[in-house]
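Quick notes on the structure that follows.
Protein chains in written order, with my numbering: chain A, -3 to 254; chain B, 29 to 378.
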C-alpha cells in the first residue's frame, strides 16, 4: 500500500481549558476525496487551520509526504503543497478578479521577488490566470473589482485561487456556503473534476448530504474535537457510533439541519 | 512612454495634464521662474516628490506605517555631508556619501523590520517612532561628528557652485554651477521616481499590494509576508536616503531641523494622504501642492490681508501670521472632500 500523502498524529489544540481538536490521528491517501463532517463547533475548521498552519498545534504532528510540517509557517506549507480555501470569503477585495488569480500564478512561478521587470510584461502569468478564469466561468468578470462581485462569483473565485495554486492537497471549507441552487453545481463540478482529471487529494468540509454522497470516497466525523467515525460514506452514515454521538438524531438529521 | 512609466498611466486626462504641467515647470524652473527663492522651491519639490514617493511605497503599497522616514532621509543627507567634509569636495565624496547613506539606511531598516514586522505591523510604527527619536537626539548630542544642533556646512564640487561659470547667459539666466546643481537634483529625482514607479508595477509591487489588501491570504497563497514587508522597508529607506543626499547637495548644509525633525515626518504623511495613497503620482501632486503652500501661502495671505484693509475682522483673519491656521483648514477640507487623495478623486471622475 502506498504511504498516505497527508497524515495527522494526535493532533491537538487547546484554547485555555477548551480542547478544540482532541488528538486526531488520521491519514489521507493520494487521489482520495474525504468529506469531514460534524455538528457546528465540532472542530472541523480548527482541524483545517491546524493542517494548513493558521493555528499552531498544542501537541501532535502534521506530516506531508512523510515529512513533519508542524513547525512550518503557512506560506511554507502552501509551497510544500497544501492549498486552502476559506469558509468566509477571503480574497483581495480591491484588486481585479484577474489580478487575484494572477497573484497565485505568480506565487507558483517564484517571480514574487522580481523587483524591476514590469508585471504586465509577464504574459505567461496572465495567460495562465485567464485560462483558470475560463475554467471557473469567471472570464467575463476578469476586470471587475472583487468587492463588486456577487457572493456566488466570490465563492467561485475562491475555488479559482486554489485551482491556480494546484496543490497536492486541496482543502475546501464549505465551498458552496451561501451559494444559490443554480451556482453551487458549478463549484461542485470543479471539485469533482479535480478528483477525476488530476487525481488530487481533496479534503472537504461540507454539510449538504447529497454533495457528500456523490463526491466523497470516505467520510470522517468529528465530534467535540475528536474523531468519532471514519470509513466509507454508507458505513459511516449507518454506524451506531454516529447515531449515538448525535443522540439518536442520526447523522442525516444533523447535517440537514446544520 | 509605456516603458518609461512602467505601464502605469495616469488614467485620467486632467491628471495627465497636471502631471505634465508639473514636469515641464520643474524641468524648466530656472528659466521659467528665475530667482533664488523660486528655484529653491522647485528643488525642494523635486526632493520631496522622491521622499514622499518612497514613503508611499511603504504606506500606500505595503500598508506599513513608519515614523522613521525622516531618519532615513537624514542618514542620506548626513552621509553626503560627512563624506564631503572628510574626503574633501568632489563628486566621489557625493557618490560615497550617498551610497553609504543608502546602505546604512537599508541596514537599519532591515534590523528594525526583522525585529518588529514579524510580530504586527502596528508594532513596527511604535519601534520606528522610538528609533527615530533616539537618532534625532543622538545627532544633536554628537556635536563633534554631526555639528549638533548647528548642523554641518560643507562644500560641494566647484562645478555645482555659483562661482563656476560655463558660458554667459541663456534666455537671461546665468549659466553657472547653481544651474547645474539644480539639474543634478532634478534628474536625480526623476530617475529615482521612475525607478519607484517601476518597482510598484513589478511582480514584487503586486505582492505588496496583495499583502496590503489581505496579508492573511497572501500568506496562504505562498508568499512570505514578513520577507516582503522587510524588503519594502529596506528599499523605501534606501530611496529616502538618496533623496536626503540630493537635498544635501542642493543645500550644501545639513542640520537636524532640515532633515530629521518630526515636523517633516508629519509633512510627508500629509503629502501622501493629500496626493493619494498607493498611486505614486499622488506623491507628485501632494509634494508640489504642499511645498508651494508652505512657501507661498504666507505671501498670498499678506497680499489678501492688504486688499481687505478697513473691513472689520477680515484683515486679522487673513494676516500673514495666520498662514498655518489656513494650511490646517486646507488639509481638513482636502481630506474631507478627497478621501482617496487628489489622484484617487481624479481617477474616479473618469
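Ideal Cβ placement from N, Cα and C applies to all residues, glycine included.
**Message:** For a cutoff of 9 angstroms on Cβ pairs, would you count residue 251 (chain B) as touching chain A?
**Reply:** yes
**residue 244 (chain A) burial status per 10 Å Cβ neighbour count (16 or more: buried)** = For residue 244 (chain A), the pLDDT reaches just 46, beneath the cut-off of 50, and the residue's location in the model is therefore unreliable, although a value from the coordinates is still provided. For residue 244 (chain A), the number of other beta carbons within 10 angstroms of its own is below 16, and it is reported as exposed.
**Message:** For residue 218 (chain B), report the span of its alpha helix (DSSP H) as first-last.
**Reply:** From DSSP, the alpha helix (DSSP H) with residue 218 (chain B) extends over 205 to 228.
**Asked** Rounded to whole angstroms, how far is the Cβ of residue 213 (chain B) from the Cβ of residue 207 (chain B), which I believe are closer than 8 angstroms?
**Response** Rounded, the Cβ-Cβ distance is 11 angstroms, inconsistent with contact.
**Message:** Could you check whether the stretch 161 to 177 of chain B touches the stretch 278 to 287 of chain B, counting it as contact only if at least three pairs of C-beta atoms, one from each stretch, sit closer than 8 angstroms?
**Reply:** yes
**residue 368 (chain B) at chain A interface by Cβ criterion, 9 angstroms** = no
**Asked** When you compare each of A:229, A:220 and A:228 to residue 36 (chain A) by their alpha carbons, which one comes out closest?
**Response** Out of A:229, A:220 and A:228, the CA that lies nearest to the CA of residue 36 (chain A) is found in A:220.
**Beta carbon proximity, residue 108 (chain A) to chain B, threshold 9 angstroms** = yes
**Message:** Check this for me: beta carbons of residue 49 (chain A) and residue 65 (chain A), under 9 angstroms apart or not?
**Reply:** yes
**Rounded straight-line distance, which links the Cα of residue 155 (chain A) to that of residue 374 (chain B)** = In this structure, the alpha-carbon of residue 374 (chain B) lies about 35 angstroms from that of residue 155 (chain A).
**Message:** Can you tell me which residues form a DSSP beta bridge with residue 167 (chain A)?
**Reply:** Residue 167 (chain A) is bridged to A:80 and A:199.
**Item:** Cβ of residue 117 (chain A) within 9 angstroms of any chain B Cβ
**Value:** yes
**Item:** Identified DSSP bridge partners for residue 223 (chain A)
**Value:** A:218
**Message:** Please report whether the beta-carbon of residue 220 (chain A) lies at a distance below 9 angstroms from any beta-carbon of chain B.
**Reply:** no
**Request:** Tell me whether residue 288 (chain A) sits in a helix, a strand or coil according to DSSP, three-state version.
**Result:** The structure shown does not extend to residue 288 (chain A), since chain A is modelled only from -3 to 254, so the question has no answer here.
**Asked** Around the C-beta of residue 278 (chain B), are 16 or more other C-beta atoms found within 10 angstroms, so that it is buried, or is it exposed?
**Response** If you draw a 10 Å sphere on the C-beta of residue 278 (chain B), you find 16 or more other C-beta atoms in it, and that means buried.
**Prompt:** Tell me, which residues are paired with residue 14 (chain A) by DSSP?
**Reply:** A:11
**Prompt:** Comparing the C-beta of residue 144 (chain B) with each C-beta of chain A, is any distance below 9 angstroms?
**Reply:** So no, residue 144 (chain B) is outside the interface.
**Asked** Which residue or residues does DSSP assign as beta-bridge partners of residue 33 (chain A)?
**Response** A:217
**Request:** Whole angstroms is fine: what's the gap from residue 264 (chain A)'s alpha carbon to residue 85 (chain A)'s?
**Result:** Residue 264 (chain A) falls outside the range modelled here, since chain A spans only -3 to 254, and no answer is possible.
**Asked** Going by beta carbon distance, what residues of the same chain come within less than 6 angstroms of residue 262 (chain B), once the five residues before and after it are set aside?
**Response** 134, 137 and 138
**Asked** Using 9 angstroms as the limit for Cβ to Cβ distance, is residue 74 (chain A) near chain B?
**Response** Taking 9 angstroms as the threshold, the shortest C-beta distance from residue 74 (chain A) to chain B falls below it.
**Request:** Note down, in chain order, every chain C residue with its Cβ under 8 angstroms from the Cβ of residue 114 (chain A).
**Result:** Here the protein chains are A and B, and chain C is not one of them.
**Prompt:** Could you check where the alpha helix (DSSP H) with residue 109 (chain A) kicks off and where it finishes?
**Reply:** Per DSSP, residue 109 (chain A) belongs to no alpha helix (DSSP H) and is neither H nor E.
**Asked** Are the Cβ atoms of residue 216 (chain B) and residue 310 (chain B) separated by less than 9 angstroms?
**Response** no
**Residue span of the beta strand (DSSP E) that contains residue 178 (chain A), given as start and end** = First-last for residue 178 (chain A): undefined, no H or E at that position.
**Prompt:** Which residues, in order along the stretch 145 to 156 of chain A, keep a beta-carbon less than 8 angstroms from a beta-carbon of chain B?
**Reply:** none
**Asked** Is the CB-CB distance between residue 186 (chain B) and residue 192 (chain B) below 9 angstroms?
**Response** In this structure, residue 186 (chain B) places its C-beta atom within 9 angstroms of the C-beta atom of residue 192 (chain B).
**Prompt:** Start and end of the beta strand (DSSP E) containing residue 55 (chain A)?
**Reply:** 55 to 60
**Among B:204, B:199 and B:197, nearest to residue 188 (chain B) - alpha-carbon criterion** = B:204
**Prompt:** Residue range of the alpha helix (DSSP H) that residue 285 (chain B) falls in?
**Reply:** 284 to 287
**Span of the alpha helix (DSSP H), counted from its first residue to its last, around residue 243 (chain B)** = 243 to 248
**Request:** Return helix, strand or coil for residue 100 (chain B), following the three-state DSSP convention.
**Result:** It is helical.
**Prompt:** Apart from the five residues on each side of it in sequence, which residues of its chain come closer than 7 angstroms, Cβ to Cβ, to residue 105 (chain B)?
**Reply:** 272, 273, 275, 276, 282 and 287
**Chain-ordered chain B contacts of residue 25 (chain A) [CB-CB under 8 angstroms]** = Those do not exist, as residue 25 (chain A) stays about 24 angstroms from chain B at its closest Cβ, beyond 8 angstroms.
**Prompt:** Mind listing which residues of the stretch 320 to 351 of chain B have their C-beta closer than 7 angstroms to chain A's C-betas, in chain order?
**Reply:** none
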